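Okay, structure first, notes after.
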Amino acid sequence: MEEDWAISFNHVYKNYPLFHQKTLKEFFQALFTRKKTIERIDALKDINLKIKKGETVGVIGKNGAGKSTLLKLIAQVSSPTAGKVRVKGRISPLIELGAGFHPELSGKENIFLNGVILGMKEKYLVEKFSEIVAFSEIPMDFIYTPVKYYSSGMFMRLAFSVAIFSRPEILLVDEILAVGDIGFQKKCLAKMEEFKKKKVTIIFVSHSLELVKKFCQRVIYLQGGRVEYDGKAEEAIGRYLQNLRITLS
Amino acid sequence: MLNYWPLIKKLTLREIKARYKQSFLGFFWIILNPFFQMIIMSFVFSKILRFGNFGVPYPLFIYAGLLPWTFMVASLQSSMGVFVSDASLIKKIYFPREVLVIATLLAKTFDFFLASIIFLLLMIFYQVPFTGFMIIFFLIFLIQFIFTYGLSLLLSALNLFYRDIQYLVNLIITLWFYLTPVVYAVEFFPARYRIIFQLNPMSVLINAYRQVLLGGNWPNWQSLAIAALVSILIFIFCHRIFKKLERLFADIV
Numbered sequence: 668m669e670e671d672w673a674i675s676f677n678h679v680y681k682n683y684p685l686f687h688q689k690t691l692k693e694f695f696q697a698l699f700t701r702k703k704t705i706e707r708i709d710a711l712k713d714i715n716l717k718i719k720k721g722e723t724v725g726v727i728g729k730n731g732a733g734k735s736t737l738l739k740l741i742a743q744v745s746s747p748t749a750g751k752v753r754v755k756g757r758i759s760p761l762i763e764l765g766a767g768f769h770p771e772l773s774g775k776e777n778i779f780l781n782g783v784i785l786g787m788k789e790k791y792l793v794e795k796f797s798e799i800v801a802f803s804e805i806p807m808d809f810i811y812t813p814v815k816y817y818s819s820g821m822f823m824r825l826a827f828s829v830a831i832f833s834r835p836e837i838l839l840v841d842e843i844l845a846v847g848d849i850g851f852q853k854k855c856l857a858k859m860e861e862f863k864k865k866k867v868t869i870i871f872v873s874h875s876l877e878l879v880k881k882f883c884q885r886v887i888y889l890q891g892g893r894v895e896y897d898g899k900a901e902e903a904i905g906r907y908l909q910n911l912r913i914t915l916s
Numbered sequence: 033m034l035n036y037w038p039l040i041k042k043l044t045l046r047e048i049k050a051r052y053k054q055s056f057l058g059f060f061w062i063i064l065n066p067f068f069q070m071i072i073m074s075f076v077f078s079k080i081l082r083f084g085n086f087g088v089p090y091p092l093f094i095y096a097g098l099l100p101w102t103f104m105v106a107s108l109q110s111s112m113g114v115f116v117s118d119a120s121l122i123k124k125i126y127f128p129r130e131v132l133v134i135a136t137l138l139a140k141t142f143d144f145f146l147a148s149i150i151f152l153l154l155m156i157f158y159q160v161p162f163t164g165f166m167i168i169f170f171l172i173f174l175i176q177f178i179f180t181y182g183l184s185l186l187l188s189a190l191n192l193f194y195r196d197i198q199y200l201v202n203l204i205i206t207l208w209f210y211l212t213p214v215v216y217a218v219e220f221f222p223a224r225y226r227i228i229f230q231l232n233p234m235s236v237l238i239n240a241y242r243q244v245l246l247g248g249n250w251p252n253w254q255s256l257a258i259a260a261l262v263s264i265l266i267f268i269f270c271h272r273i274f275k276k277l278e279r280l281f282a283d284i285v
């Protein structure tokens with residue numbers, strides 16, 4: 668079935684230019700010492716993926732393996748150096764929550780601001796406002812104070828709650844469930860299960876292998892910018908752990 | 033772009049609200065800032081340097097130049113910082129990046145009109161007659177907006193790659209100020225030097241503002257048409273470059 672996929676990567680490469688000398692002074696020094704000035708860093712090499720609509724896919728790998736670059740490409744904020752990335756559906760990123768939050772604005776103002784940034788209609792936000800606040804467990808009298816006075820837990824809970832209500836078709840989750848106390852974490856996981864049932868495509872990046880195993884049937888293990896393994900969760904995690912042990916010993 | 037209007041609206045409001053939330057005098061700063069500049073300049077140029085006859089009270093003359101000038105400078109300076117300060121947004125969520133620049137300019141437009149209240153009061157105070165020519169003010173502002181928007185697009189994008197741009201621009205703005213008739217009149221210069229002012233869109237625009245607001249007259253249509261054409265060309269050119277560079281923003285910010 669051609670129609671079935673939500674995300675497709677076709678021979679995707681991504682490299683970043685790395686400027687060794689950012690300033691004029693360093694540049695001249697490099698001229699004399701004949702150092703390299705620009706190097707290209709390969710973040711992703713020859714990635715081929717098809718992710719089906721409604722699938723929940725975990726992504727694991729060490730720091731610098733290319734996980735965040737993969738998410739950036741899916742979110743369409745970055746374009747591949749070579750190859751083709753295609754995405755069908757409304758994307759909601761749950762990466763680095765609170766992007767676009769303004770510390771001086773109140774919780775309420777930030778809910779509306781962030782909601783619109785995530786593509787929600789103002790009318791819908793007005794309707795859902797009390798639900799969003801209720802989900803975030805932030806006391807109503809706090810909603811009118813600037814978010815800079817919030818504890819970091821409260822801040823994250825608010826950001827997560829807004830994103831949850833954005834009715835995503837594709838949800839990008841980057842290491843955010845480490846946020847908040849156990850109670851809130853449970854609530855978030857329950858919400859994610861609900862999304863799964865609603866056939867939302869979920870890309871789940873995490874260092875918590877426990878969560879990945881519990882949550883995803885399919886796991887992609889990235890190693891040095893390549894897909895090392897793509898398939899069953901246990902197998903992917905097993906290989907990852909084995910590889911970690913080899914590097915440690 | 034119309035699809036993104038709700039986003040533009042929210043980001044503009046964020047700009048306007050957030051900036052003055054922390055300050056006690058709030059919106060009065062927007063009004064007071066150019067007002068005190070005007071008072072200082074009036075004192076220096078009409079009392080100490082004793083510039084000649086402007087045909088209108090000097091405070092009004094200066095204000096008509098200072099407000100559009102401030103709008104342009106404030107717009108350029110804020111747009112250069114906008115992608116740097118909203119880096120977290122750029123890295124995570126896709127939307128046309130010029131949305132952030134438009135929101136910045138709209139917030140500055142709000143400031144511009146708010147600060148114009150004093151100008152209106154001064155007009156009443158000095159009993160300058162209100163005429164039908166003043167309608168053209170909006171046309172002139174539209175041209176200025178397009179001109180400023182074009183430059184803001186280019187500079188905001190370049191500044192992401194090299195932060196030197198903002199220092200360079202600040203230097204150029206200082207020089208530009210002296211080549212623009214904000215505190216003086218073009219007529220102070222011998223006719224053979226006035227070509228400089230014809231090439232400077234800000235100069236043409238400020239002259240046009242003064243003509244329609246204070247002179248009670250039509251603007252110089254020929255100069256204004258050239259300024260409009262130049263502004264549109266600058267906008268098209270800068271927009272193209274912006275769209276080319278936009279794809280790289282998330283990688284380098």
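These protein sequence lines map, in sequence, to chains A and B. Quick note: the first sequence uses the numbering used here, first residue 668, plus one each step. Quick note: the second sequence uses the numbering used here, first residue 33, plus one each step. We put the CB at the ideal spot given by N, CA and C, even for glycine. Everything numeric in this text was worked out from a predicted model, so none of it was measured.
Contact of B/Ala-135 with chain A is not assigned, every C-beta pair being separated by 8 Å or more. Listed in chain order, the positions of the stretch 729-750 of chain A with a beta carbon within less than 8 Å of a beta carbon of chain B are Lys-739, Ala-742, Gln-743, Val-744, Ser-745, Ser-746.
Those residues of the stretch 37-48 of chain B placed with their C-beta closer than 9 Å to a C-beta in chain A are Pro-38, Leu-39, Lys-41, Lys-42, Leu-43, Leu-45, Arg-46, ordered along the chain.
For B/Tyr-126, the C-beta contacts it makes with chain A under 8 Å involve Ala-742, Gln-743, Val-744, Ile-758, in order along the chain. Within the DSSP bridge table, the entry for A/Trp-672 names A/Lys-719 as partners. Between B/Asp-283 and chain A, the shortest Cβ-Cβ separation is below 8 Å. Each residue's CA atom was taken as its position, placing B/Asn-232 and B/Thr-180 some 13 Å apart. DSSP, read as helix, strand or coil, puts B/Phe-60 in helix.
Spanning the alpha carbons of B/Phe-162 and B/Gln-230 requires a straight line of approximately 28 Å. The continuous beta strand (DSSP E) containing A/Asp-897 extends over residues 893-899. The continuous alpha helix (DSSP H) containing B/Leu-256 extends over residues 253-278. Counting along the chain, the unbroken beta strand (DSSP E) around A/Ala-749 starts and ends at 749-754. Taking the Cα of A/Leu-908 as reference, the smallest distance to any Cα among A/Lys-692, A/Gly-728, A/Lys-681 is reached at A/Gly-728. Taking 8 Å as the threshold, the shortest C-beta distance from B/Ser-111 to chain A does not fall below it. Around A/Gly-898, the same chain offers Arg-885 as residues with beta carbons nearer than 7 Å, after the five sequence neighbours per side are excluded. A/Ser-833 and B/Met-112 have their alpha carbons spaced roughly 31 Å apart. Each of B/Lys-276, B/Glu-219, B/Leu-183 was checked against the Cα of B/Phe-267, and the nearest Cα belongs to B/Leu-183.
Around B/Ser-255, the same chain offers Gln-230, Val-236, Asn-239, Ala-240 as residues with beta carbons nearer than 8 Å, after the five sequence neighbours per side are excluded.
Within chain A, the residues whose beta carbon sits less than 7 Å from that of B/Ala-50 are His-769, Glu-771, Leu-772, listed in sequence order. Beyond the five residues adjoining it in sequence on each side, B/Lys-140 comes within less than 7 Å, by CB distance, of Phe-103, Ala-106, Ser-107, Ser-110 in the same chain, given in chain order.
One alpha carbon belongs to A/Arg-893, the other to B/Ile-228, and they sit about 59 Å apart. Taking all protein chains in view, the Cβ of B/Ile-156 is surrounded by fewer than 16 other Cβ atoms within 10 Å, so the residue is classified as exposed.
For B/Ile-122, the C-beta contacts it makes with chain A under 8 Å involve Val-744, in order along the chain. For the pair A/His-874 and A/Phe-882, the Cα-to-Cα distance works out to about 13 Å.
Residues of chain A with a Cβ closer than 8 Å to the Cβ of B/Lys-53 are, in chain order, Glu-771, Leu-772, Pro-813. Note on A/Lys-866: under 16 other CB atoms within 10 angstroms of its CB, so exposed under the neighbour-count rule. Residues are counted here when their Cβ sits less than 9 Å from a Cβ of chain A; for the stretch 262-282 of chain B these are Arg-279, Leu-280, Phe-281, Ala-282, given in chain order.
In the DSSP assignment, A/Pro-684 forms a beta bridge with A/Arg-707.
Judged by beta-carbon spacing, A/Val-726 lies beyond the 8 Å limit of A/Lys-719, meaning their Cβ atoms are not closer than that value.
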